[in-house]
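Numbering-wise (UniProt numbering), the sequence shown opens with residue 1 and increments by one.
Down below is the structure, laid out as structure tokens.
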Amino acid sequence: MTRKLRINGHSHLLPYPEEIPSFMQEKGIFWVDKDRKYMLQKDWSRPVTDSSFFLHEKLEWMERNKIDHAVVLNLSQLYGNGLRVEEMKQALRFQNDFNARIQHDNPSKFTCGFVVHPGFVRSACWEIERCVETHGLQLLCLPTHFMDTIGTWRCIFDEENEPIFELANKYNLAVEIHPYDGEKFIKLENTSWRFHLIWMLAQCADAYHFLTLNGYQEKYPNMRTCFAHGGQLAQINLGRRIQGFDGRPDLFEGKHHPRKAVGHKNIFFDTLVHDTGDLELLIKNHGSKQVLMGLDDPYPLGEMESAKQSSYPGKILDLALERKIITPTEHDAIWQDNVIKWLCGEDEAAKQKLINRILS
């Protein structure tokens, strides 16, 4: 293969309004208005800021920006926290079946993830089995935090969730960790977009804290975890965690030292940190092999075309190359090899199958 592929490891896709079942709007769970101007939930709405939220427009956007393939995550609004059990199961099943159809109908363009609710571990395991065995999906999307059955907020890497990670390990799954719902459990007024700009990054850092303390990167060697938005606050916080572990060993009995996880082959981060200084720190901490392209398109916090910011998809990586933070070989690997390694692990047949699917 002569040409290097450009694979976006962090993308999102909305169903067209008519594809969303009526119960989703009736129950206030999630819907899109007929004019495709807003995505909505009960007492919540958000503007659809780009037409590439939708399939055909997304394909045109990818063509225009020379993106060969995209990894589509679940919609954060469909983690199911706080919903009644049956409603939650129906909503998540809709999301997973939608993503499975997108991948099935557009195999050269999309690899899609599926989502489960960790508050109901047995149901989550059944859904993992269904999505892998029936739909052939290989990417498990999990929130940084979730609400358990008694209304307590927990970190995803709680030891009670180990059956989920055991299945991810059995099926050689890639795992995406993405933050959301911070305003539901962080007792601050939701103003000036603070939960998206600050607290989501803290949520990622919290999840990374517990993944590494529990040593899951070693315990589940066939599970490869990627943290959204570069796990940004986890990078600047590494020294404090190490000092805390060394200074108060009584608080970390039986836990794994933070240093052991740094640069681990089963822990990945996407490039979406908005700043070459932050990207340089991420690469210095973990090495370029653990970093993969993530555009978070088409959200306004994603790497989109923007005259105001003189931005375009892939700009931060091009700037990093220009400023000699990365080499041309590393630049290509972040766009292709590292994404494939996260998705497929050491399975060479799976890697080739994915490449063939993209090139078909």
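C-beta: ideal position from N, C-alpha, C; glycine also.
Alpha helix (DSSP H) segment containing residue i, residue limits
i: Val-85; result: 85-105
i: residue 368; result: Outside the shown range of the chain (1 to 360) lies residue 368, about which nothing can therefore be said.
i: residue 370; result: A question about residue 370 goes unanswered here, because the residues of the chain that appear run from 1 up to 360.
i: Thr-329; result: 328-335
i: Gln-352; result: 348-359
i: Ser-123; result: 121-133
i: Lys-4; result: Careful: Lys-4 lies outside any alpha helix (DSSP H) and carries neither H nor E.
i: Ile-164; result: 162-170
Cβ neighbour criterion (16 or more within 10 Å) applied to residue i
i: Val-85; result: exposed
i: Thr-134; result: exposed
i: Lys-34; result: exposed
i: Arg-248; result: exposed
i: Ser-288; result: buried
i: Ser-52; result: buried
i: Gly-151; result: exposed
i: Trp-44; result: exposed
i: Gly-239; result: exposed
i: Tyr-180; result: buried
i: Pro-143; result: buried
i: Asn-356; result: exposed
i: Gly-80; result: buried
i: Glu-129; result: exposed
i: Asp-206; result: buried
i: Leu-188; result: exposed
i: residue 362; result: In the structure as shown, the chain starts at 1 and stops at 360, and residue 362 therefore has no counterpart that could be examined.
i: Ala-349; result: exposed
i: Glu-303; result: buried
i: Gln-235; result: buried
i: Tyr-312; result: exposed
i: Arg-241; result: buried
i: Trp-193; result: exposed
i: Lys-11; result: It should be noted that the sequence gives Ser, not Lys, for residue 11. When all chains shown are included, Ser-11 counts as buried.
i: Thr-225; result: buried
i: Gly-263; result: exposed
i: Asn-237; result: buried
i: Asn-190; result: exposed
Endpoints, the beta strand (DSSP E) within which residue i is located
i: Ser-45; result: 44-47
i: Trp-153; result: 153-155
i: Thr-111; result: 110-115
i: Asn-8; result: 7-11
i: Leu-139; result: 139-143
8 angstroms CB neighbourhood of residue i in its chain, flanking five on each side removed
i: Leu-137; result: Asn-96, Asn-99, Ala-100, Gln-103, Cys-112, Gly-113, Phe-114 and Cys-131
i: Thr-276; result: Ile-316, Leu-319, Ala-320, Arg-323 and Ile-325
i: Glu-19; result: Phe-98
i: His-229; result: Pro-179, Met-200, Leu-201, Cys-204, Asp-270, Leu-272, Val-273, Gly-294 and Asp-296
i: Glu-166; result: Tyr-220
i: residue 393; result: Outside the shown range of the chain (1 to 360) lies residue 393, about which nothing can therefore be said.
Whole-number beta carbon distance between residue j and residue i, since they are thought to touch under 8 angstroms
i: His-56; j: Ile-358; result: Not quite, the Cβ-Cβ distance comes to about 19 angstroms (not below 8 angstroms), so this is no contact.
i: Met-88; j: Ala-168; result: With a Cβ gap of about 20 angstroms, Met-88 and Ala-168 do not count as contacting.
i: Phe-269; j: Gln-290; result: 6 angstroms
i: Leu-213; j: Lys-184; result: Leu-213 to Lys-184, Cβ: 24 angstroms. No contact.
i: Ile-334; j: Lys-351; result: Not a contact, Cβ separation roughly 16 angstroms.
i: Val-71; j: Leu-139; result: 7 angstroms
i: Ile-124; j: Trp-342; result: Note that residue 124 is Ala in the sequence shown here, rather than Ile. With a Cβ gap of about 21 angstroms, Ala-124 and Trp-342 do not count as contacting.
i: Trp-31; j: Pro-17; result: 7 angstroms
i: Gly-231; j: Tyr-208; result: 5 angstroms
i: Lys-109; j: Leu-59; result: 6 angstroms
i: Ile-164; j: Val-121; result: 6 angstroms
i: Pro-298; j: Asp-50; result: 4 angstroms
Close-in-space but distant-in-sequence residues of the same chain around residue i (CB under 6 angstroms, 5 per side omitted)
i: Leu-211; result: Phe-157
i: Ile-29; result: Ala-91
i: Pro-221; result: none
i: His-280; result: In the sequence as displayed, the identity of residue 280 is Glu instead of His. So the list reads Ile-325, once near-sequence residues are dropped.
i: Cys-141; result: Leu-73, Asn-74, Gly-113, Val-115 and Glu-176
i: Phe-23; result: none
Cutoff 7 angstroms; reference residue i; Cβ partners in own chain excluding five residues on either side
i: Arg-154; result: His-145, Phe-146 and Asp-148
i: Gln-203; result: Thr-144, His-145, Pro-179 and Gly-182
i: Asn-172; result: Asn-222, Gly-345 and Asp-347
i: Phe-245; result: Phe-252, His-257 and Pro-258
i: His-331; result: Leu-317 and Leu-321
i: Leu-301; result: His-196
i: Leu-78; result: Phe-30, Ala-91, Leu-92, Gln-95 and Val-115
Minimum Cβ-Cβ distance from residue i to chain C less than 8 angstroms
i: Glu-86; result: In the structure shown, chain C cannot be found, because there is only a single protein chain.
Any non-hydrogen atom of the ligand SAH within 7 angstroms of residue i CB
i: His-264; result: You won't find the ligand SAH in this model; it holds no ligand whatsoever.
Within the stretch 224-259, note down every full beta strand (DSSP E) run reaching 3 residues or more, in order along the chain. Within the stretch 224-259, complete beta strand (DSSP E) segments of at least 3 residues are found at 224-227, given in chain order.
Complete runs of the alpha helix (DSSP H) confined to the stretch 14-75 [at least 4 residues]: At a cut-off of 4 residues, the continuous stretches assigned as alpha helix (DSSP H) that sit fully inside the stretch 14-75 are 22-26 and 55-64.
Quick one: which unbroken alpha helix (DSSP H) runs of 4-plus residues sit fully inside the stretch 265-303? Chain order, please. Those alpha helix (DSSP H) runs which fall completely within the stretch 265-303 and span 4+ residues are 276-286.
Tell me the start and end of each unbroken beta strand (DSSP E) in the stretch 175-222 that is at least 3 residues and wholly inside, in chain order. Taking only runs of at least 3 residues, no beta strand (DSSP E) segment lies wholly in the stretch 175-222.
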